[in-house]
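Working notes for the structure below.
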């Protein structure tokens, strides 16, 4: 009996240890497409070789639409069907524009270029009826070649939310120039650096037809409408180069870790504070930006507090709340985040290049975030050297999680096996 | 007599060549210090840059135009130029606060690193691009900013 208890204790502590730091890799049956996953999960590559696959969305029958950051054979949207062998089979491609955002809502496929949003009517199988003639919903959005992608999310009330990223690092007069003064108030915020809300069914809307739903967000790529809270959640890409611009205040290690990459729950009228402040997850404070009189320590109570704060520069490009039943209970209503991976941690080691998970309870984060799927980058963890970089996330009709890679155009399917 | 002149000739040539090599190596060494301090955080330690954001410094044809390289360091860059079918979006700040020697050294380092094999950049070449009318801007004030956009 004594031995049995000891054995059980050993086993459970091993499981705890394994669960926290070494998720099992079931190499016997499957190498999980090179990914490391928690016990019980498997991953397969369902499509590959499509280049820059940005955001993805699935139909109710398991078809997948992908928006491309680079045209594939002249087209910017790909439509795949599930094939008999469990892979995705490319059946059509359309839209001669690059972009990031793609979503299905109310019988339409929505897709964004870097200046416009289109929608395509779907048939009862959620296939696009006329690929050549989409309706132009929104036009004339700012594209100044920095943070120019337009991510989209739709609510259940006929609204579409569009990220318009700030064409700047920290709103200096000369972008990224050491010693260049900051602008106050930051003039960029009138037309960028926030989330704009438009009607999902009206044609040719421009800035004047929409409202600035939230401001002070430097750049958002991953965002999702959380149906459990009935609110918008966004992931901000925090500012770069604290050390380059203020070496007397930040060493390279601090500059690699700060500022936090933040998840915000957004309500109409919110201000997350860019470029005036940034969040520091090491002290849990909103710190005044050095361009605006900060010294690396001075904090403020103004502005929105993040729901979750991650280490710096991980580049959150995808956000997906999990509403299906396939995964264990812990994952229900929690958030998956695809971290594209850092560049602005150099000369310190780069970080990210994985999919993370944050458990939620009653609409609030409940417990520490963890790495869910890792190994996308392969042996070299650097922006150029990474084999794959996670970008988009989507939930399949069977409850599997799909992850896209915008480096080589791989699409992964992650499932839980009971 | 003839022998002596040959010997002096060879000695002079060797000293000259040695000095040249030494100068190049010294410049590369100094250039690496400048690179690590000013350039590395965007262009990476191996010059590979960041896809879609910061261009790589490993493309041979971009090493050909010394004047252009000097000019980019002095004035920064906001142009959208595709390299191998990819556009790079981040603004590069001007680095006119670096001395002519530092710019010569850092470009010499870049042109002889990351697989590049191109010649040195001299202080005189940097000085020629940096126009006498525009001395090195140590600090910038709101009134003197020349907004390019």
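Protein chains in written order, with the numbering used here: chain A, 35 to 452; chain B, 1356 to 1504. Each residue gets a CB set at the ideal place from its N, CA and C atoms; glycine is no exception.
Quiz item: If we ignore side chains and look at the alpha-carbon of each, how far apart do residue 319(A) and residue 341(A) end up?
Solution: 13 Å
Quiz item: When Cβ atoms are compared, which residues of the stretch 175-193 of chain A fall closer than 9 Å to chain B?
Solution: 178, 179, 180, 181, 182
Quiz item: Taking just the CA atoms, how far does residue 218(A) sit from residue 167(A)?
Solution: 43 Å
Exercise. Assign residue 220(A) to one of three DSSP states: helix, strand, or coil.
Key: coil
Quiz item: Taking the continuous alpha helix (DSSP H) assigned at residue 1398(B), which residues delimit it?
Solution: 1395-1398
Quiz prompt | Selection of the stretch 356-389 of chain A by Cβ proximity to chain B, strictly under 7 Å | solution = 377, 378, 380, 381
Quiz prompt | Near-chain A residues of the stretch 1444-1462 of chain B - C-beta to any C-beta below 7 Å | solution = 1444, 1445, 1446, 1448, 1449
Practice problem: Let me know the secondary structure DSSP gives residue 179(A) once reduced to three states. | Solution: coil
Practice problem: Evaluate residue 221(A) with the Cβ neighbour count: other Cβ atoms within 10 Å of its Cβ, from every protein chain shown; 16 or more gives buried, anything less gives exposed. | Solution: exposed
Practice problem: Count the C-beta pairs between the stretch 1380-1397 of chain B and the stretch 395-405 of chain A that are closer than 8 Å, then say yes if the count reaches three, no if not. | Solution: no
Practice problem: Report the three-state DSSP secondary structure of residue 399(A) (helix, strand or coil). | Solution: strand
Quiz item: Thinking C-beta only, is residue 321(A) closer than 8 Å to residue 328(A)?
Solution: yes
Quiz item: So is residue 345(A) in contact with chain B if we call contact Cβ pairs under 8 Å?
Solution: no
Quiz item: Quick one: Cα of residue 176(A) to Cα of residue 253(A), how far?
Solution: 13 Å
Quiz item: In this structure, does DSSP put residue 339(A) in helix, strand or coil?
Solution: coil
Practice problem: Report yes if the C-beta of residue 146(A) is less than 7 Å from at least one heavy atom of the ligand FMN; otherwise report no. | Solution: The ligand FMN is absent from the structure shown, which contains no ligands of any kind.
Quiz item: What residues are listed by DSSP as bridge partners for residue 259(A)?
Solution: 266(A)
Self-check item: Residues near residue 153(A) by beta carbon distance below 7 Å, same chain, minus five either side
Solution: 142, 143, 144, 168, 169, 171
Quiz item: Taking residue 98(A) as the reference, which of 431(A), 191(A), 251(A) has the closest Cα?
Solution: 431(A)
Quiz item: How would you label residue 61(A), buried or exposed, when you count the other beta carbons within 10 angstroms and need 16 or more for buried?
Solution: Caution applies to residue 61(A), whose pLDDT of 39 falls short of 50 and renders its modelled position unreliable; the value that the coordinates give is listed next. Result: exposed.
Quiz item: Comparing alpha-carbon positions, which option in 451(A), 427(A), 276(A) lies nearest residue 445(A)?
Solution: 427(A)
Quiz prompt | Cβ pair count under 8 Å reaching 3, the stretch 280-288 of chain A against the stretch 231-239 of chain A | solution = no
Practice problem: Check each residue of the stretch 267-289 of chain A: if its Cβ is closer than 7 Å to any Cβ of chain B, include it; give the result in chain order. | Solution: 275, 278
Quiz item: Considering only residues of the same chain and omitting the five flanking positions on each side of residue 307(A), which have a CB-CB separation below 6 Å?
Solution: 250, 337
Quiz item: Buried or exposed: residue 107(A), going by 16 or more other Cβ atoms within 10 Å of its Cβ?
Solution: exposed
Practice problem: Excluding the 5 residues preceding and the 5 following residue 149(A) in the sequence, name in chain order all residues of the same chain whose CB lies nearer than 6 Å to its CB. | Solution: 175, 177
Practice problem: Give me the Cα-Cα distance between residue 128(A) and residue 1473(B), rounded to the nearest whole angstrom. | Solution: 44 Å
Self-check item: For residue 1441(B), the three-state DSSP class (helix, strand or coil)
Solution: strand
Exercise. Compare the C-alpha of residue 74(A) against each of 429(A), 442(A), 416(A), 406(A) and name the closest.
Key: 406(A)
Quiz item: At a CB-CB cut-off below 8 Å, which residues of chain A make contact with residue 1406(B)?
Solution: 417, 418, 441
Practice problem: Identify the continuous beta strand (DSSP E) that holds residue 126(A) and give its terminal residues. | Solution: 122-128
Self-check item: Alpha-carbon to alpha-carbon, residue 76(A) and residue 451(A)
Solution: 7 Å
Quiz prompt | residue 186(A) and residue 230(A) closer than 8 Å at C-beta | solution = no
Practice problem: Could you pull out every residue in the same chain whose Cβ sits closer than 6 Å to the Cβ of residue 180(A), ignoring the five residues on either side in sequence? | Solution: 201
Self-check item: Whole-number beta carbon distance between residue 86(A) and residue 103(A), since they are thought to touch under 8 Å
Solution: 3 Å
Quiz item: Just reading off the alpha helix (DSSP H) that residue 202(A) is part of, what are its end residues?
Solution: That residue, residue 202(A), is in no alpha helix (DSSP H); it is neither H nor E in DSSP.
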